[in-house]
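**Q** First, the structure itself, so that you have it in front of you.
Number of protein chains: 2
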Amino acid sequence: MERFLKKYYAITDRKQFKYDFEIQIKRMLDSGIRMFQLREKDLPSDEFFDLASKLGKLLSGYDASFFVNDRVDVAVLTGANGVHLPSKSIPIETVKHKFPFLIVGKSCHSVEEAVRAEKEGADYITFSPIFETPGKGKPKGLKALKEVVEAVSIPVYALGGITEEAIPEVLKIGVYGIAGIRLFIK
Amino acid sequence: MERFLKKYYAITDRKQFKYDFEIQIKRMLDSGIRMFQLREKDLPSDEFFDLASKLGKLLSGYDASFFVNDRVDVAVLTGANGVHLPSKSIPIETVKHKFPFLIVGKSCHSVEEAVRAEKEGADYITFSPIFETPGKGKPKGLKALKEVVEAVSIPVYALGGITEEAIPEVLKIGVYGIAGIRLFIK
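Taken in sequence, the protein lines are chains A and B.
If you count by full-length UniProt numbering, then the first sequence holds residues 1 to 186, one letter each, in order.
If you count by full-length UniProt numbering, then the second sequence holds residues 1 to 186, one letter each, in order.
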């Protein structure tokens, strides 16, 4: 399972992309990213499914791992490696029980949520927002990130407001990896 | 499969309910309804999943059949009898291929869509809106309904703006059943 969890984890937001979807993803692949999450909350099911199929095909040529946000059905039906469950999601245990082959990630915003996610069977978590980032509330900071890393034994991805310059200090905390949206758009 | 497809098919919209969710559903059960679809488009995944679990449990005591709108994952994970796919949904064939045990319904608004849905493997369709109903566009009328019924060999449910008084004339067209939201809220 851990071979699917890479150090850098790109989460999509096509509205912030500077290029056409496929070209932007290829640019990320060219820069070395090998782990992606499709997160396009505004799309109806048909378009989200089509985009997931497209991304899955694109990534399979690169041995890059592929996660789908929230929609367990779309993850299963497009052959994704896993699903990333947001705060308000289907319970982790239910997903794991029915689809044991899916890697399950979970969004966490406190030590308590992180501990609970691990207990419920999450394979990795994101902890956010680390720094200031639009519309995501008060930043948690590196101290809280350290507490989370120490509280759980599953991989922790730091997410939210991380710039390229900040990557070294975040990695120093002992996180498994860095997740980001804008960070990887170039 | 046909034992799960009843003559009257209640689709939920809890915002229009006159009573608490559970009481309203029980009133429908008391009036003889034995086929339900949970359709609550505004709920985040966790609340939709919880409500689906609740409805599934409630209905299991009555041998009533239970469908989930759009979310194939929620249908599978709550043990629903089937999923009802709206216009902008995951493809029917993909769902049928992976989850052959699920009954799959599809929303149709023209003869062409109905024929395509049958070809793609839908087990039943709804055709709508038959009569005037808020926010659903121009009514199709009984003539178009008749064309749909004649064009496909799968069960057709008439949906949209049907009042109790209109039920006999709609049934005369040869539909399999009547679906409704407001129609069954009493």
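Even for Gly, the Cβ is constructed at its ideal location relative to N, Cα and C.
Considering Cα atoms alone, identify which of ARG27/A, ILE154/A, PHE184/A and PRO139/A is closest to VAL175/A.
**A** ILE154/A
**Q** With GLN24/A as the anchor, note down where its beta strand (DSSP E) starts and where it stops.
**A** The continuous stretches of beta strand (DSSP E) do not include GLN24/A, which lies in the alpha helix (DSSP H) extending over residues 21-30.
**Q** Any C-beta of chain B within less than 7 Å: which residues of the region 28-45 of chain A qualify?
**A** PRO44 and SER45
**Q** Please report the distance separating the alpha-carbon of ASP69/B from that of PRO100/A.
**A** The identity of residue 69/B in the sequence shown is Asn, whereas the question assumes Asp. So the two alpha carbons sit approximately 24 Å from each other.
**Q** May I have the straight-line CA-CA distance separating GLU118/B from ILE11/B, to the nearest angstrom?
**A** Take the alpha-carbon of GLU118/B and the one of ILE11/B: they are about 21 Å apart.
**Q** Determine, for ILE90/B, whether the minimum Cβ-Cβ distance to residues of chain A falls below 8 Å.
**A** At least one chain A Cβ lies under 8 Å of ILE90/B.
**Q** Between which residues of its own chain and PHE36/A is the CB-CB distance below 8 Å, once the five residues before and five after are set aside?
**A** TYR9, ALA10, ILE11, THR12, ILE25, MET28, LEU55, LEU59, ALA64, SER65, PHE66 and PHE67
**Q** Identify which residue in GLY161/B, LYS146/B and ALA179/B has its Cα closest to the Cα of residue 274/B.
**A** The structure shown does not extend to residue 274/B, since chain B spans only 1 to 186, so no value can be given for it.
**Q** Considering only residues of the same chain and omitting the five flanking positions on each side of PRO86/B, which have a CB-CB separation below 7 Å?
**A** ASN69, ASP70 and SER107
**Q** Smallest Cα separation from ILE130/A: which of ALA114/A, GLY141/A, GLU93/A and ARG3/A?
**A** Among ALA114/A, GLY141/A, GLU93/A and ARG3/A, the Cα nearest to that of ILE130/A belongs to GLY141/A.
**Q** Helix, strand or coil for PHE4/B, going by three-state DSSP, please let me know.
**A** DSSP, read as helix, strand or coil, puts PHE4/B in helix.
**Q** Let me see if you follow: with CB-CB separation under 8 Å, is LEU77/B close to chain A or not?
**A** Contact of LEU77/B with chain A is assigned, a C-beta pair being separated by under 8 Å.
**Q** Which stretch, first to last residue, makes up the alpha helix (DSSP H) that contains THR94/A?
**A** 92-98
**Q** Chain B beta carbons: is any one of them nearer than 8 Å to that of GLU47/A?
**A** yes
**Q** Among LEU38/B, THR78/B and ALA122/B, which residue has its Cα nearest to the Cα of PHE17/B?
**A** LEU38/B
**Q** If we ignore side chains and look at the alpha-carbon of each, how far apart do GLY105/A and GLY61/B end up?
**A** 35 Å
**Q** Chain A beta carbons: is any one of them nearer than 8 Å to that of VAL115/B?
**A** no
**Q** Going by Cα to Cα distance, which pick from VAL149/B, PHE48/B and GLU164/B is closest to ILE173/B?
**A** Nearest neighbour of ILE173/B by Cα position, chosen from VAL149/B, PHE48/B and GLU164/B, turns out to be VAL149/B.
**Q** Identify, in the order they occur along the chain, each residue of the same chain with its Cβ nearer than 6 Å to the Cβ of THR126/A, setting aside the five sequence neighbours on each side.
**A** SER107, TYR157, LEU159 and ALA179
**Q** Cα separation between LYS96/A and ASP30/A?
**A** Each residue's alpha carbon lies about 33 Å from the other.
**Q** Let's see if you can read the secondary structure: which residues bound the alpha helix (DSSP H) around SER128/B?
**A** Counting along the chain, SER128/B falls outside any alpha helix (DSSP H), and DSSP gives it neither H nor E.
**Q** What does DSSP give as the partner residues of ASN81/A in its beta bridges?
**A** Paired residue(s): none; ASN81/A is not in a bridge.
**Q** Is there a Cβ from chain B that is less than 8 Å from the Cβ of ARG71/A?
**A** Interface annotation, ARG71/A: in contact with chain B, CB-CB separation under 8 Å.
**Q** How about THR163/B: is its C-beta nearer than 8 Å to some C-beta of chain C?
**A** The structure shown contains no chain C; its protein chains are A and B.
**Q** Could you check if ILE23/B is buried or exposed, using at least 16 other CB atoms within 10 Å of its CB as the buried criterion?
**A** exposed
**Q** So, under 8 Å CB-CB, LYS98/B and VAL76/A are touching, yes? Tell me the CB distance rounded to an integer number of Å.
**A** 7 Å
**Q** Determine which residues share a DSSP beta bridge with SER65/A and list them.
**A** MET35/A
**Q** Which word fits TYR124/A, buried or exposed, when buried means at least 16 other C-beta atoms lie within 10 angstroms of its C-beta?
**A** buried
**Q** Are the beta-carbon atoms of ASP46/A and LYS88/B separated by less than 8 Å?
**A** yes
**Q** Straight-line CA distance for LYS41/B to ALA80/A?
**A** 25 Å
**Q** Taking only runs that begin and end inside the region 127-184 of chain A, name each unbroken alpha helix (DSSP H) of 4 or more residues, in chain order.
**A** 141-151 and 167-171
**Q** Grab me the residues of THR133/B's own chain with a C-beta within less than 7 Å of its C-beta, minus the 5 sequence neighbours each way, in chain order.
**A** GLY160 and GLY161
**Q** What does the Cβ neighbour count give for THR94/B, buried or exposed, with the cut at 16 atoms within 10 Å?
**A** buried
**Q** Give the DSSP bridge partners of GLY105/A, in chain order.
**A** HIS84/A and TYR124/A
**Q** Could you confirm whether any beta carbon from chain A is found closer than 8 Å to the beta carbon of VAL74/B?
**A** yes
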